[in-house]
Amino acid sequence: MRPDAYIRYVDDHRSPPGGTRTAPGPHREGPGAAKTLLFAVPAVFLWLLDLVSSEPDGSWLPLVSGPLAVAVLLVRGGPGIEARAVVAALASGGLTLALALGGVPVGSWGLLESFALLALLTVTTRTARLPAGYVLCALLALAVAAAPVRTGFHSDAETFAFVLTVAAGGALALGGYLRSLDGRRALAVTSTQEEERRRIARDLHDFVAHHVTGIVVQAQAARAVRETSPEQLEPLLAGIEKAGTETLESMRRLVHVLRAEPGATTRPADLLTELAALVAAHGDAATLEVSARVRAAALAPEVETSVHRVVQEALTNVTRHAPGADDVRVRVSTDAGRLRVEVSNGPSPQGRARDRTPPGGRGGLGLIGLRERVEALGGDLDAGPLPDGGWRLRVTLPAR
Numbered sequence: 024m025r026p027d028a029y030i031r032y033v034d035d036h037r038s039p040p041g042g043t044r045t046a047p048g049p050h051r052e053g054p055g056a057a058k059t060l061l062f063a064v065p066a067v068f069l070w071l072l073d074l075v076s077s078e079p080d081g082s083w084l085p086l087v088s089g090p091l092a093v094a095v096l097l098v099r100g101g102p103g104i105e106a107r108a109v110v111a112a113l114a115s116g117g118l119t120l121a122l123a124l125g126g127v128p129v130g131s132w133g134l135l136e137s138f139a140l141l142a143l144l145t146v147t148t149r150t151a152r153l154p155a156g157y158v159l160c161a162l163l164a165l166a167v168a169a170a171p172v173r174t175g176f177h178s179d180a181e182t183f184a185f186v187l188t189v190a191a192g193g194a195l196a197l198g199g200y201l202r203s204l205d206g207r208r209a210l211a212v213t214s215t216q217e218e219e220r221r222r223i224a225r226d227l228h229d230f231v232a233h234h235v236t237g238i239v240v241q242a243q244a245a246r247a248v249r250e251t252s253p254e255q256l257e258p259l260l261a262g263i264e265k266a267g268t269e270t271l272e273s274m275r276r277l278v279h280v281l282r283a284e285p286g287a288t289t290r291p292a293d294l295l296t297e298l299a300a301l302v303a304a305h306g307d308a309a310t311l312e313v314s315a316r317v318r319a320a321a322l323a324p325e326v327e328t329s330v331h332r333v334v335q336e337a338l339t340n341v342t343r344h345a346p347g348a349d350d351v352r353v354r355v356s357t358d359a360g361r362l363r364v365e366v367s368n369g370p371s372p373q374g375r376a377r378d379r380t381p382p383g384g385r386g387g388l389g390l391i392g393l394r395e396r397v398e399a400l401g402g403d404l405d406a407g408p409l410p411d412g413g414w415r416l417r418v419t420l421p422a423r
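Residues in the sequence shown are numbered consecutively from 24, following the numbering used here.
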């Protein structure tokens, strides 16, 4: 069967089955609730231990210092991590020093406070700017290790101080590991962006070369007919003007991409045929719907290339992240000068867990490349999971 037999042409304003359109934007599920629960359960447990331990002398300090340390850790939209680390380290260390010098031991040094400071130490190690981060981490680690002295100078305090020193070392190691992961990912993102920038620059160079060749040919023809058929000059000059305008537009996009951030591959010979071939290669579960307006539209070469790239990457990611998924649909339509491309798939037979992997390719970098390409052309990209466990990628681009 010929690939273009897979194309199903539809009206631009056709509603999906049921007569209603899907709400704009994907259904997203964030990990915030799970993270909050993961932190809240041990925090409440440690605060209760502080409460029980403070009963003999009725000390209220750990019952207050713990929640305050948690507040410093979790505050949003306020001071940066460096300022919070300074406040926490100085407050905790100052309290320890005051109790030790005053000779007033307490029943509990503050288990919740130590827990919050260890978490803050991990975050500081991961995100603080260097070299100030080294000093901040040292202050926090010292504050954590010294806290047991609040209960008095005895063997148990020394033991707990040693345990907390080891815990601080673990927090430093974890934060350093996460920092290295962040650094590697940042390098990978930068590499992907540079690769996409080179690709799209190559494509646009080819488009400009095509337009310039047309200008040269038409200029030579105009010179040839200038004396013999002057009436043919007008259409030739109009063609030169049009090709020049298209060249300037391609150059404008090229400069924008090189200044900003990237994306690209080679332009398909015929967009609809190439899209049909991509869908056909995906199997019988995939369908392609192309509106009549898209067939009739004269798309900019850069837009055609981007559409091909979007569909290619999306179908590749369906295979990678949702193998065997049914109801794979590729829809291409246009409305009000904007080209809309949507690729969606049902849940994978292997379960929802695999579908949750960010289908950007290479750990999300393929999606980064697509977003850079689309935004470079003045479009936007939206991707995310569907309520049934599937995935949807939606892109809008200027048609010209």
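All C-beta atoms, glycine included, are put in the ideal place defined by N, C-alpha and C.
Measuring alpha carbon to alpha carbon, tell me which of the options ends up nearest residue i.
i	options	result
GLN255	LYS265, GLY267 and ALA242	ALA242
LEU409	ARG249, ALA169, ALA345 and ALA161	ALA345
LEU72	ARG107, GLU272, GLY89 and LEU61	GLY89
VAL129	ALA245, VAL334, PRO85 and LEU260	PRO85
LEU390	ALA114, SER329, GLY126 and GLU136	SER329
LEU338	THR213, ARG415, ALA247 and GLU218	ARG415
GLU181	ALA244, VAL240 and ALA168	ALA168
ASP293	GLN216, GLU327, ASP307 and ASP403	GLU327
GLU336	THR357, HIS305, ALA359 and ALA315	HIS305
ARG107	TRP83, LEU74, ALA422 and LEU143	LEU143
ARG343	SER371, VAL127 and LEU69	SER371
GLU219	ASP358, TRP70 and ARG332	ARG332
LEU135	CYS160, ALA123, LEU74 and ASP411	LEU74
TRP132	GLY267, SER82 and PHE185	SER82
ARG363	GLY192, ARG417 and ILE104	ARG417
Taking just the CA atoms, how far does residue j sit from residue i?
i	j	result
GLY206	TYR157	17 Å
GLU269	VAL302	31 Å
ALA309	ASN368	9 Å
LYS265	GLU395	28 Å
ALA66	LEU96	12 Å
SER252	PRO324	33 Å
LEU201	SER178	35 Å
VAL146	ALA211	22 Å
VAL313	VAL366	12 Å
ALA406	THR419	12 Å
PRO102	ALA166	20 Å
ALA194	THR296	56 Å
VAL341	ALA63	37 Å
ARG222	GLN216	10 Å
ARG354	LEU311	6 Å
VAL87	ALA94	11 Å
ILE238	GLU398	29 Å
ALA111	SER214	38 Å
GLY402	ALA151	35 Å
ALA261	GLU272	17 Å
GLU257	ASP358	34 Å
VAL428	ALA247	Given that the chain is displayed from residue 24 to residue 423, the structure contains no residue 428 and the question cannot be resolved.
LEU124	ALA114	15 Å
VAL189	LEU404	46 Å
SER137	SER76	15 Å
GLY412	GLU105	40 Å
Using DSSP bridges, identify the partner residues of residue i.
i	result
ASN368	TRP414
PRO425	Nothing in the structure corresponds to residue 425, since the chain is present only between 24 and 423.
On the DSSP letters alone, give me the boundaries of the beta strand (DSSP E) that residue i sits inside.
i	result
PRO408	403-408
Taking the alpha helix (DSSP H) that residue i belongs to, which residues open and close that run?
i	result
GLU325	324-344
LEU163	155-169
VAL110	104-125
HIS305	294-305
GLY89	84-97
Open item on the list: Would the stretch 115-125 count as touching the stretch 169-176 if we require 3 or more Cβ pairs under 8 Å?
Closed with: Verdict: yes, contact present.
Open item on the list: Between the stretch 335-351 and the stretch 318-326, can you find at least three pairs of beta-carbon atoms closer than 8 Å?
Closed with: The stretch 318-326 and the stretch 335-351 do not touch, with fewer than 3 CB-CB distances between them shorter than 8 Å.
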